[in-house]
Amino acid sequence: MDGLSFFCNFAAVLNSKIINNMKRFFSLAILLVAAFSGAQAQNVQLHYDLGHNLYNDLSSRTTVTTTVEMFKPDTWGSTFMFTDIDYKNDGTIGAYWEIAREFNLTKNKQWAAHVEYNGGVGSGETPGGYYGNRYQHSVLLGGAWNWASKDFSKTFSVQLMYKYYFKNGHTGAHPYNSFQLTEVWGTTFAHGLCTFSGFCDVWYDPDVNGKLIMVSEPQFWFNLNTLKGMKNVNLSLGSEVEISNNFVWNDRGEHNRFYAIPTVAAKWTF
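Numbered according to mature numbering (1 follows the signal peptide of the UniProt record, and there is no 0), the sequence shown spans residues -41 to -1, 1 to 229.
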């Protein structure tokens, strides 16, 4: 389904309450991207998550997330990082970040050594107050193969990595050895108007059904700076769909289901 058809079909099922929420969301989006305009990041995204509207067992799911991304190539390779920050009405409830460094192994820069760290914190609410928790963090080490078209309008990367999870003293989660396969892609087309990008991660977890977790987050964007009279407006409007299996925790405290959760999103590119 193309991006335009997705929005048309999805709009048909929105009730008036959700529409009002999204009006407030886009007003907030404009304010937030303006506030971040001095940050040294490649883009800032604001997502309104529709999981709690589409699934009865995700009623407590966070509705608003901001993402800050940076990608910086250099002589030796490249650095990539992103931070997701989740919000509820009374404030920030959690943050998750990943940072990855690649070192070129070949002259054409297609093969690289890859090292990465993943970690974050979250919080929840009880009748008597709040509680906090540290996510089980991990380090990854492996190799990457990278490809880009001559004009960089199309990119693709595959990474195969050893992954080590550290012990989490708060939850009692044990340390273990794992592996992860990651694919990352991006393509811009229609004279720069549209961008389709995203990633897919698959990794080993001994405690889930089938012992594999899968997460993919394809994004589709309309880039407004390609429109007449909007050359310097680096705002994009679009959507992300979080497609996952054995990943999302639901209201029953389980993470053994498949979900496809869309967002309505805005992005400012620096």
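The beta carbon of each residue, even a glycine, is placed where N, CA and C say it ideally should be.
Among residues of its own chain, excluding the 5 on either side of residue i, which ones have a beta-carbon nearer than 6 Å to its beta-carbon?
{"i": "residue 220", "result": "10 and 201"}
{"i": "residue 183", "result": "189, 192 and 194"}
{"i": "residue 233", "result": "Because residue 233 is not part of the residues shown, which for the chain are -41 to 229, the question remains open."}
Just tell me which of the options has its CA closest to the CA of residue i.
{"i": "residue 210", "options": "14, 70, 198 and 45", "result": "14"}
{"i": "residue 93", "options": "176, 161, 130 and 212", "result": "130"}
{"i": "residue 116", "options": "124, 150 and 140", "result": "140"}
{"i": "residue 34", "options": "87, 168 and 71", "result": "71"}
{"i": "residue 76", "options": "85, 90, 101 and 88", "result": "101"}
{"i": "residue 69", "options": "114, 151 and 217", "result": "114"}
{"i": "residue 99", "options": "111, 118 and 109", "result": "118"}
Given a threshold of 16 other Cβ atoms within 10 Å of its Cβ, counted over all protein chains shown, does residue i qualify as buried or as exposed?
{"i": "residue 179", "result": "buried"}
{"i": "residue 26", "result": "buried"}
{"i": "residue 19", "result": "exposed"}
{"i": "residue -9", "result": "Interpretation of residue -9 is limited by its pLDDT of 44, a score under 50 that renders its predicted location unreliable; the figure taken from the coordinates is listed afterwards. It counts as buried."}
{"i": "residue 63", "result": "buried"}
{"i": "residue 197", "result": "buried"}
{"i": "residue 276", "result": "In the structure as shown, the chain starts at -41 and stops at 229, and residue 276 therefore has no counterpart that could be examined."}
{"i": "residue 171", "result": "exposed"}
{"i": "residue 73", "result": "buried"}
Would you kindly check if the distance between the Cβ of residue j and the Cβ of residue i is under 7 Å?
{"i": "residue 2", "j": "residue 228", "result": "yes"}
{"i": "residue 95", "j": "residue 67", "result": "no"}
{"i": "residue 206", "j": "residue 161", "result": "no"}
{"i": "residue 53", "j": "residue 45", "result": "yes"}
{"i": "residue 38", "j": "residue 31", "result": "yes"}
Against chain D, does residue i count as a neighbour if the rule is that its beta carbon must be under 7 Å from one of theirs?
{"i": "residue 180", "result": "Any reference to chain D falls outside this structure, which holds one protein chain only."}
Can you give the beta carbon distance from residue i to residue j, rounded, assuming they're within the 8 Å contact cut?
{"i": "residue 222", "j": "residue 199", "result": "5 Å"}
Can you name, in chain order, every residue of its own chain whose Cβ lies under 7 Å from the Cβ of residue i, other than the five neighbours on each side?
{"i": "residue 48", "result": "none"}
CB-CB under 8 Å to residue i, same chain, minus the five flanking residues each way: which ones, in chain order?
{"i": "residue 6", "result": "23, 24, 25, 26, 199, 222, 223 and 224"}
{"i": "residue 89", "result": "82 and 83"}
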